[in-house]
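Residue numbers (my numbering): 366 to 803.
For each residue, glycine too, the CB sits at the ideal point set by N, CA and C.
Remember, predicted model here, so these are calculated numbers, not experimental data.
What follows is a set of notes on a single structure, which appears directly below.
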Ligand SMILES: *Cc1c(COP(=O)(O)O)cnc(C)c1O
C-alpha cells in the first residue's frame with residue numbers, strides 16, 4: 366500500500382520530471398507560452414488564498430486593500446495595451462470570458478454565428494449537440510461562419526448572404542463571434558461590423574490566441590474595427606499566467622460587470638490576476654519587439670518546413686500573419702500518430718482538424734493536420750535561424766522517419782542554448798527551473 370508520505374513525495378517528483386522534460390523539449394503548442402520568473406513569483410503569493418468578490422473599492426470581503434490596488438493597476442495596463450475604454454480582468458479564463466459576453470449580450474435561444482471547430486472555431490463557440498459552451502451551457506443556437514479554404518479566413522460575401530438569409534427566415538443572429546483557435550490571418554471585422562450591427566447583433570471577438578499580438582500592435586485592432594466586446598486568454602501569445610479578461614466600451618460596462626460577478630466568478634484567482642499585471646507591464650515594455658519576432662519566426666518556420674516538403678497551408682500568403690501554422694500531413698501519416706512520434710522526439714505539437722477533414726471522413730483523434738505555434742520558442746530567445754534547425758528536426762521525424770530517440774538527443778543539445786525567458790525585466794531563474802521550497 367502506498368503511504369501518504371509516498372504520494373506526497375511522488376507528486377513532487379512528477380512535477381520535477383515535467384520541468385526537466387520541458388527544459389529539453391521544443392514547445393510548439395500554439396495556445397501555450399512560458400511566463401517570466403516574475404510572473405511565477407506572483408503566482409506563489411498569498412493572493413491566491415483570498416477572496417475579493419465585486420469591483421475594486423466595492424468588495425464583498427475585507428482584507429482587499431492591496432488586492433484592489435493591484436487590480437486597478439492591471440485594469441490600467443490592459444486599457445493601455447489594448448486601447449480599451451472598459452476592461453474587466455476578473456474572468457478566470459478565456460472560456461469564462463466568453464460566457465460573460467454571451468450572458469451580457471444574448472438570451473438562451475438566440476442565434477449566434479461563429480466558425481465551426483474544423484474551420485478553427487473553439488469549443489466555446491460549439492453547438493449544443495457537440496457539448497460546446499455556447500450551445501450546451503448558454504443555450505445559443507449556433508450557425509456557422511463560412512470559411513474560405515484557400516485564404517484560411519472568413520468569407521465576407523458568403524457571410525453577408527448567410528446573415529441575410531437567416532434574417533429573412535426570422536432567425537437573425539444576436540451575436541457574431543470572430544476569432545479562432547487556428548487564427549493565421551486577421552479576421553474581416555471591419556468588413557462585416559456594419560452588416561452585423563444592422564441586424565441588431567453584437568460583434569464579439571475572441572482574442573484568446575492573438576491577445577499578445579494585438580497588445581504588441583502586430584495583428585488587428587478589433588475594438589477600433591467595430592467589435593463591441595473582445596475576450597482574452599492571458600497566456601497564449603500574451604505571456605501571463607492562465608486567466609481571462611473582457612475588453613469593451615464604457616456603455617457596456619454595467620452588463621459585463623454583472624455577468625462576471627455575480628454571474629460567472631466568486632473568487633477570481635487573485636494570484637493569477639497579480640501575474641497578469643506583471644506580464645502586462647512586461648508587454649508594455651517589450652511587447653512590440655516580442656510580437657514582431659513571433660511573426661518573423663512563424664513565417665520563417667513555415668518557409669523552412671515548406672522547403673523540406675511539408676504541406677504548410679496558405680503558402681501564397683506567406684503561410685501566416687500570426688504565431689500559428691497549419692500543416693496538411695496526410696502525405697506522411699495522420700495527425701494523431703505524428704503528434705506522438707514528435708512527442709517521443711521531445712517536439713511538442715498538437716494534431717488538428719483541417720477545415721475539410723470531417724467532410725473527408727477524418728476524425729479528431731486522427732485528423733489530417735498538425736498545428737504549430739511560435740510564441741513560446743520566441744519567448745525563449747529563438748530567431749529565424751533556429752526556425753531552420755527546428756524545421757530540420759521535424760522533417761527528420763515526419764519525412765525521413767528517423768528513430769525518434771536519435772532526434773531527441775539532438776533536440777536536447779539544441780535546447781541547451783535557450784534556457785532563459787526573454788522579453789522580461791529579470792531572468793536569472795531559468796524558464797522551466799523548478800522553484801524549490803523544501
Ligand atoms: C484557447 C481558447 C479559448 C479558451 O481559453 P481558456 O483561457 O483556456 O479558457 C477560447 N477561445 C479560443 C478561440 C481559444 O483558442
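Problem - Spatial distance of residue 558 from residue 388 (CA atoms) - result: To locate residue 558, count along the chain shown from 1; it is residue 193. To locate residue 388, count along the chain shown from 1; it is residue 23. Computed Cα separation, rounded: 44 Å.
Problem - Opening and closing residue of the beta strand (DSSP E) in which residue 779 lies - result: In the chain shown, residue 779 corresponds to position 414, counting from 1. In this chain, residue 779 is not harboured by any beta strand (DSSP E); it is covered by the alpha helix (DSSP H) spanning 769-780.
Handout entry: Three-state secondary structure assigned by DSSP to residue 728
Key = Here residue 728 refers to the residue found at position 363 when the chain shown is read from its first residue. Residue 728: strand per DSSP, three-state reduction.
Handout entry: Spatial distance of residue 731 from residue 513 (CA atoms)
Key = The sequence position of residue 731 within the chain shown is 366, counting from 1. The sequence position of residue 513 within the chain shown is 148, counting from 1. Distance between the alpha carbons of residue 731 and residue 513: 23 Å.
Problem - Identified DSSP bridge partners for residue 474 - result: The residue labelled residue 474 in the question sits at position 109 within the chain shown. Looking at the DSSP output, residue 474 sits in no beta bridge, so it has no partner there.
Handout entry: Any non-hydrogen atom of ligand 1 within 6 Å of residue 395 CB
Key = Position 30 of the chain shown holds residue 395. Checking the 6 Å criterion, the Cβ of residue 395 is out of range of every heavy atom belonging to ligand 1.
Problem - Boundaries (first-last residue) of the beta strand (DSSP E) holding residue 691 - result: Mapped onto the chain shown, residue 691 falls at position 326. For residue 691, the enclosing beta strand (DSSP E) starts and ends at 689-693.
Exercise for the section: Tell me whether residue 704 sits in a helix, a strand or coil according to DSSP, three-state version. Expected result: As a working mapping, residue 704 is identified with position 339 in the chain shown. Reduced to three states, the DSSP call for residue 704 is helix.
Exercise for the section: Determine the closest residue to residue 480 out of 474, 471, 492, 683, with distance taken between C-alpha atoms. Expected result: As a working mapping, residue 480 is identified with position 115 in the chain shown. When each option's Cα is compared against that of residue 480, the closest is 492.
Problem - Sheet register partners of residue 453 (DSSP bridge) - result: As a working note, residue 453 is residue 88 in the chain shown. In DSSP, residue 453 forms a bridge with 611.
Problem - Burial state of residue 725 (16 or more Cβ within 10 Å) - result: Counting from 1 along the chain shown, the entry for residue 725 is found at position 360. Taking all protein chains shown into account, residue 725 has fewer than 16 neighbouring C-beta atoms within 10 Å of its C-beta and is therefore exposed.
Exercise for the section: With a threshold of 6 Å, establish whether the CB of residue 552 neighbours any heavy atom of ligand 1. Expected result: Here residue 552 corresponds to residue number 187 of the chain shown, with the count starting at 1. Answer for residue 552: no, Cβ out of range of ligand 1.
Handout entry: DSSP three-state assignment for residue 543, whether helix, strand or coil
Key = Counting from one through the chain shown, the residue named residue 543 turns up at place 178. Residue 543 falls in the strand class under three-state DSSP.
Practice task
Using three-state DSSP, classify residue 591 as helix, strand or coil.
Solution key: For the purposes of this step, residue 591 is taken as the residue at position 226 of the chain shown. Here residue 591 carries a coil assignment [DSSP, helix/strand/coil].
Handout entry: Cut-off 6 Å between Cβ atoms - residues of its own chain near residue 487, not counting five sequence neighbours on either side
Key = On the chain shown, residue 487 is found 122 positions in, with the first residue counted as 1. Once the five neighbours on either side are set aside, the close Cβ partners of residue 487 are 546.
Exercise for the section: Please work out which residues of its chain come closer than 8 Å, Cβ to Cβ, to residue 413, disregarding the five sequence neighbours upstream and downstream, and give them in chain order. Expected result: Here residue 413 refers to the residue found at position 48 of the chain shown. 634, 635, 636, 637, listed in sequence order.
Exercise for the section: Give a single yes or no on whether residue 487 has its beta carbon closer than 6 Å to a heavy atom of ligand 1. Expected result: For the purposes of this step, residue 487 is taken as residue 122 along the chain shown, with counting starting at 1. In this structure, residue 487 has its CB closer than 6 Å to one or more heavy atoms of ligand 1.
Handout entry: Coarse secondary structure for residue 520, derived from DSSP in three states
Key = Stepping through the chain shown from its first residue, residue 520 is reached at position 155. In this structure, residue 520 counts as coil in the three-state DSSP scheme.
Exercise for the section: In the DSSP assignment, find the alpha helix (DSSP H) that holds residue 554 and state where it starts and stops. Expected result: One-based indexing of the chain shown puts residue 554 at position 189. Residue 554: member of the alpha helix (DSSP H) spanning 554-563, first to last residue.
Problem - C-alpha distance - residue 698 paired with residue 709, whole-angstrom precision - result: Here residue 698 is taken as the residue at index 333 of the chain shown, counted from 1. Here residue 709 is taken as the residue at index 344 of the chain shown, counted from 1. In a straight line, the C-alpha of residue 698 is about 16 Å away from that of residue 709.
Exercise for the section: Consult DSSP for residue 386 and reduce its assignment to one of helix, strand or coil. Expected result: In the chain shown, the residue the question calls residue 386 occupies position 21. Note: residue 386 maps to helix in three-state DSSP.
Practice task
Give the secondary structure of residue 507 by DSSP, where H, G and I count as helix, E and B as strand, and everything else as coil.
Solution key: Your numbering for residue 507 matches position 142 in the chain shown. Strand at residue 507.
Problem - For residue 392, the residue or residues it bridges with in DSSP - result: The residue you call residue 392 lines up with position 27 of the chain shown. According to DSSP, residue 392 bridges with 713.
Handout entry: Buried or exposed by the 16-neighbour rule on C-beta atoms within 10 Å, applied to residue 371
Key = Position 6 of the chain shown, counting from 1, holds the residue named residue 371. Residue 371 counts as exposed, since fewer than 16 other beta carbons sit within 10 angstroms of its beta carbon.
Exercise for the section: Compute the Euclidean distance between the alpha carbons of residue 444 and residue 452, then round it to the nearest angstrom. Expected result: Here residue 444 corresponds to residue number 79 of the chain shown, with the count starting at 1. Here residue 452 corresponds to residue number 87 of the chain shown, with the count starting at 1. Whole-angstrom Cα-Cα distance: 7 Å.
Handout entry: Endpoints, the beta strand (DSSP E) within which residue 735 is located
Key = By 1-based counting over the chain shown, the position of residue 735 is 370. Per DSSP, residue 735 is one residue of the beta strand (DSSP E) stretching across 734-738.
Handout entry: Span separating the alpha-carbon of residue 544 from that of residue 734
Key = As a working mapping, residue 544 is identified with position 179 in the chain shown. As a working mapping, residue 734 is identified with position 369 in the chain shown. Taking the straight line joining both Cα atoms gives about 20 Å.
Practice task
Determine which residues share a DSSP beta bridge with residue 423 and list them.
Solution key: The residue given as residue 423 occupies position 58 in the chain shown. The partner list for residue 423 (beta bridge, DSSP) reads 420.
Practice task
Run the proximity test for residue 688: is its beta-carbon closer than 6 Å to any non-hydrogen atom belonging to ligand 1?
Solution key: On the chain shown, residue 688 is found 323 positions in, with the first residue counted as 1. Proximity of the beta carbon of residue 688 to ligand 1 is not indicated: no heavy atom of the ligand is located closer than 6 Å.
Exercise for the section: Examine ligand 1 and report whether any of its heavy atoms sits within less than 6 Å of the Cβ of residue 460. Expected result: In the chain shown, the residue the question calls residue 460 occupies position 95. True, at least one ligand heavy atom lies under 6 Å from that Cβ.
Exercise for the section: Label residue 398 either buried or exposed according to how many other C-beta atoms from any shown protein chain fall within 10 Å of its C-beta, with 16 as the threshold for buried. Expected result: The residue labelled residue 398 in the question sits at position 33 within the chain shown. It is buried - the Cβ of residue 398 has at least 16 other Cβ atoms within 10 Å.
Exercise for the section: Confirm, please, whether the CB-CB distance from residue 456 to residue 465 is below 7 Å. Expected result: Taking the chain shown and counting its residues from 1, the one referred to as residue 465 is at position 100. Taking the chain shown and counting its residues from 1, the one referred to as residue 456 is at position 91. Yes.
Exercise for the section: Report buried or exposed for residue 383, applying the criterion of at least 16 other Cβ atoms within 10 angstroms of its Cβ. Expected result: Translated into positions along the chain shown, residue 383 becomes position 18. Classification for residue 383: exposed.
Exercise for the section: May I ask you to check if the CB of residue 491 is nearer than 6 Å to at least one heavy atom of ligand 1? Expected result: For the purposes of this step, residue 491 is taken as residue 126 along the chain shown, with counting starting at 1. No, the Cβ of residue 491 stays beyond 6 Å of every heavy atom of ligand 1.
Exercise for the section: Specify, as a first and last residue, the run of the beta strand (DSSP E) that residue 788 falls within. Expected result: Numbered from its first residue, the chain shown carries residue 788 at position 423. Neither: residue 788 is in no beta strand (DSSP E) and is coded neither H nor E.
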